[in-house]
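Numbered per the working numbering, the sequence shown spans residues 224 to 499.
Quick reminder that beta carbons are idealized off the backbone N, C-alpha and C, glycines included.
Since the model is a prediction, treat every value here as computed from it, not as a measurement.
Okay, so here's the structure we're looking at.
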Amino acid sequence: MEIKAIIFDLDGVLTDTAEYHFLAWKRLADELGIPFDRQHNEPLRGVPRRRSLELLLNGYPATEEQMQEWMARKNSYYVGLIQQMTPADILPGALELLKELRRAGIKIGIGSASKNTRTVLDRLHLMDYVAAISDGYSVQRHKPMPDLFLHCAQQLDVDPGQAIVVEDAASGVEAALAGGFWVMGLGPEERVGAAHIVFPSLEGVHLLDILSALRNTQHVSRFTHHVTIQKTGSSAKPSSIQRSSTTRKPSSPSATATWGRGGPSKRGILAPDRPR
Ligand code: BG6
Ligand code: MG
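What follows is the structure, encoded as structure tokens:
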């Protein structure tokens, strides 16, 4: 088994748009007189716009018309904030890692619930790096459901067990685990501690660091694989991805002789064939 792809969440992983989402929601909440601080914002990380609003409202009464207006208002604040973004807003280490992956022949995907994904990638000049984008328009069920990452893996033509998902949100980690991916969490343990491996950020992180950490993980899996992706759009045909229903996770990257003697083989990154 080889690791063939890495799927990155966008907001909070490649760039700090997680902060802009927070600021935009905060502005809306202030206007509505609803208490909202960074702690309230935690569960909103990674989840789509509408669900975010529901969490923010927390039972505050609203008509559908108001919901639509508030989502549009928040988005206009957010879009205003991202207008000034440039490649300088790529988080430390991210571009270096993307370049390294490209050199190593590892496919790069984006799995973000945001409908602004392409705009942000454009502003960061990252479009050329990615082979597949799954975003807020791609699937019906969002994180913590695994559909978005499975959709991306399908586009990349890789099995979830051949891919690593990089996430900064608890909901995203949960989604990737549910999909049967390897999961790398970025940030505090309290938030992403369920991931197979956790790094504070991408700064100074190289492909071999990730693979070594995964190879050493003793993480025990607790999920099953049996998922039907519900794509958006009436013409989209639901596709089914089925994996074994045993309590497995993707097979752990193995310490192969090749690695032991100085890194991955030229033909790819070797990983073990047996789940732990
Ligand atoms: C996710 C963010 O990537 O996208 C969430 O982590 C955000 O905070 C969600 O709510 C939806 O984004 P958008 O741009 O479609 O409102
Ligand atoms: Mg995120």
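Would you report the Cα separation of residue i and residue j, rounded to the nearest angstrom?
i	j	result
L431	T240	27 Å
P369	A336	11 Å
R346	N339	11 Å
A317	L237	6 Å
E426	E287	42 Å
A436	A398	21 Å
T440	D391	19 Å
L400	L371	12 Å
R438	Q262	34 Å
G282	I257	11 Å
D234	F245	11 Å
L344	V406	22 Å
E265	N298	18 Å
M290	S357	25 Å
R274	M294	10 Å
I433	G402	19 Å
A311	G410	21 Å
Can you tell which of the options has its C-alpha closest to the C-alpha of residue i?
i	options	result
V389	Q363, P423, Y360	P423
Q363	T309, Y243, A417, P271	P271
V428	G403, V406, P315	P315
E254	P310, E292, D358, L267	E292
T309	S275, P383, G403, T342	T342
H207	Y360, I313, D358	For the chain, the structure presents residues 224 to 499; residue 207 sits outside this window and is missing.
G359	I433, L434, G334	G334
R325	E277, Q307, M350	M350
Let me confirm a value: residue i is counted as buried when at least 16 other C-beta atoms fall within 10 Å, else exposed. Which label applies?
i	result
G303	exposed
H374	buried
A393	buried
H419	buried
Y301	buried
A376	buried
Y243	buried
P284	exposed
CB-CB under 7 Å to residue i, same chain, minus the five flanking residues each way: which ones, in chain order?
i	result
G395	D232, G269, K366
V381	K227, A228, K330
F259	W248, K249, A252, L279
V421	G408, E412, V415
Return the chain-ordered list of same chain residues with a C-beta closer than 8 Å to the C-beta of residue i, the five sequence neighbours on each side being excluded.
i	result
L379	K227, A228, I230, K330, G332, A354, A355, A386
E323	H429, L430
Going along the chain, which residues of its own chain have a beta-carbon closer than 6 Å to the beta-carbon of residue i, five neighbours each way excluded?
i	result
Y352	L321, I331
S361	H374
Cβ of residue i less than 8 Å from any chain D Cβ?
i	result
V343	Among the chains of the structure shown, chain D does not appear; only one protein chain is present.
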